[in-house]
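*Asks:* Below is the structure I would like to discuss, written out as structure tokens.
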Amino acid sequence: MKNFVAGAVLFLIVVVGANSVFVVSETERAVMLQFGNIVETDIPPGLHFKVPYVNSVRKFDARILTVDATPQRYLTLEQKALLVDSYAMWRIIDVERFYTATSGDESRANALLAQRVNDGLRNKFGERDLQEVVSGQRDALMNELTTELNTYVANEYGIEVIDVRVKRIDLPDDVRSSVYERMTSERQREAQQLRSRGNELAIGIEADADRQEAVLLVEAYRDSERIRGDGDAQAAAIYSGAYTQDAEFYSFTRSLNSYRDTFASKSDVMLLDPESDYFKYLRSDETQ
Numbered sequence: 001m002k003n004f005v006a007g008a009v010l011f012l013i014v015v016v017g018a019n020s021v022f023v024v025s026e027t028e029r030a031v032m033l034q035f036g037n038i039v040e041t042d043i044p045p046g047l048h049f050k051v052p053y054v055n056s057v058r059k060f061d062a063r064i065l066t067v068d069a070t071p072q073r074y075l076t077l078e079q080k081a082l083l084v085d086s087y088a089m090w091r092i093i094d095v096e097r098f099y100t101a102t103s104g105d106e107s108r109a110n111a112l113l114a115q116r117v118n119d120g121l122r123n124k125f126g127e128r129d130l131q132e133v134v135s136g137q138r139d140a141l142m143n144e145l146t147t148e149l150n151t152y153v154a155n156e157y158g159i160e161v162i163d164v165r166v167k168r169i170d171l172p173d174d175v176r177s178s179v180y181e182r183m184t185s186e187r188q189r190e191a192q193q194l195r196s197r198g199n200e201l202a203i204g205i206e207a208d209a210d211r212q213e214a215v216l217l218v219e220a221y222r223d224s225e226r227i228r229g230d231g232d233a234q235a236a237a238i239y240s241g242a243y244t245q246d247a248e249f250y251s252f253t254r255s256l257n258s259y260r261d262t263f264a265s266k267s268d269v270m271l272l273d274p275e276s277d278y279f280k281y282l283r284s285d286e287t288q
């Protein structure tokens, strides 16, 4: 009997001791409750003690969590409908407020945050046109929405929104064809503008090239004429110098060259006066 009582007492001590100790890890946030009321908030990581069956401990994931919002249909500024699939990353920053707002239910927190994200995206998409929400201002839109969400959810739910992102944007079937046609016409208009600009530049470049060609030709002709004139002047000076040194010999040499060129072809027939000056070096009385 004594052994039974001792065993029961030992078992009771083990059970009470096990319910008196709890551990909070580095990846958790925790609160201590007493009959459902919070008596200690944001318990730090480590080994802690509580009163068995009086106190209870609720632990929550302190890491960054992700909530996938259900794809929603939004209207842009020009009343174009879009199917948007988004997600948000968040974490707990105030354990007491988080427990009070959601009863510590992570799925409830996800639902509340997803609703806020959907409302925020609907407002942001309604302020912008299709081009801006698809590419032009998409990053700015997400940053604005994240900032606005944090001003509300931190006070209401005790959480911080790290980032909000759009995974996919689809066009509904009833507006997809009209949007594609509009995009095609805009691209064709831009292409035509680029072609016109290119043609304008090409005409300008061609005109400038023609002008440079004309200038180069004129300058080349001017330089060639100047060089030719200088050469003729130098030749005339050489001839004049040679003539002044021995005028008779110069005249005799020129006549011999003329005779050689004139009588080179035996088929030619020339009728000349033998007494003309052309034959003066061929007459015996002139050469003596």
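So the sequence shown is residues 1 to 288, counted in UniProt numbering. Note that CB positions come from ideal geometry on N, CA and C, so glycine has one too.
(1) So what does DSSP say about Lys-80, is it helix, strand or coil?
(2) Keeping to the same chain, check which residues put their C-beta closer than 6 Å to that of Leu-77; ignore five residues upstream and five downstream.
(3) CB-CB under 6 Å to Leu-141, same chain, minus the five flanking residues each way: which ones, in chain order?
(4) Tell me the DSSP secondary structure of Tyr-74 in three-state form.
(5) Cα separation between Asp-170 and Gln-131?
(6) By DSSP, does Glu-148 sit in helix, in strand, or in coil?
(7) Cα-Cα, which of Ser-86, Leu-75, Thr-100, Asp-139 is closest to Asn-37?
(8) Under DSSP, the alpha helix (DSSP H) around Glu-107 begins and ends at which residues?
(9) Output the distance between the C-alpha atoms of Pro-71 and Gln-188, rounded to the nearest integer angstrom.
(10) Kindly indicate the opening and closing residues of the beta strand (DSSP E) around residue 373.
(11) Based on the DSSP output, what are the partners of Gly-46 in its beta bridges?
(12) Measuring CA to CA, which of Asn-199, Gly-46, Leu-149 is closest to Asn-118?
(13) Can you tell me whether Ile-227 is helix, strand or coil according to DSSP?
(14) Where does the unbroken beta strand (DSSP E) through Arg-165 begin, and where does it stop?
(15) Are the stretch 145-164 and the stretch 85-92 touching by the rule of at least three beta carbon pairs closer than 8 Å?
(16) Check whether the Cβ atoms of residue 349 and Val-67 lie closer than 7 Å to each other.
(17) Taking Leu-47 as the reference, give the member of Phe-252, Ser-25, Ser-251 with the closest Cα.
(18) Take Val-133 as the anchor and find which of Asp-210, Asn-257, Asp-61, Gln-79 has the nearest alpha-carbon.
(19) Do the CB positions of Leu-83 and Arg-97 come within less than 7 Å of each other?
(20) Starting from Arg-63, trace the alpha helix (DSSP H) both ways and give me its first and last residue.
(21) Between Gly-158 and Asp-105, which are expected to be in contact by the criterion C-beta below 8 Å, what is the C-beta distance as a whole number of angstroms?
(22) What residues are listed by DSSP as bridge partners for Tyr-87?
(23) Enumerate in chain order the residues of its own chain whose CB-to-CB distance from residue 292 is below 6 Å, with the five nearest sequence positions on each side excluded.
(24) To the nearest angstrom, how far is the alpha carbon of Gly-231 from that of Ser-224?
*Replies:* With the structure as the only source:
(1) coil
(2) Arg-128, Asp-129
(3) If we look at Leu-141 and ignore the five residues flanking it on each side, its Cβ neighbours are Lys-124.
(4) Tyr-74 sits in a strand when the DSSP states are folded into three classes.
(5) Distance between the alpha carbons of Asp-170 and Gln-131 is about 13 Å.
(6) In the structure shown, Glu-148 sits in a helix (DSSP, three-state: H, G or I).
(7) Thr-100
(8) It is Ser, not Glu, that sits at residue 107 in the sequence shown. 106-126 is the span of the alpha helix (DSSP H), which, as asked, contains Ser-107.
(9) 32 Å
(10) Since the first residue shown for the chain is 1 and the last is 288, residue 373 is missing from the structure and cannot be characterised.
(11) DSSP links Gly-46 through a beta bridge to Val-24.
(12) Leu-149
(13) helix
(14) 159-170
(15) yes
(16) In this structure the chain extends from 1 to 288, so residue 349 is not present and cannot be described.
(17) Ser-25
(18) Gln-79
(19) no
(20) From DSSP, Arg-63 is part of no alpha helix (DSSP H); its letter is neither H nor E.
(21) With 8 Å as the limit, Gly-158 and Asp-105 do not qualify as a contact, their Cβ atoms being about 13 Å apart.
(22) Asp-68, Arg-165
(23) In the structure displayed, the chain extends from 1 to 288; residue 292 sits before or after that span and is not available.
(24) 10 Å
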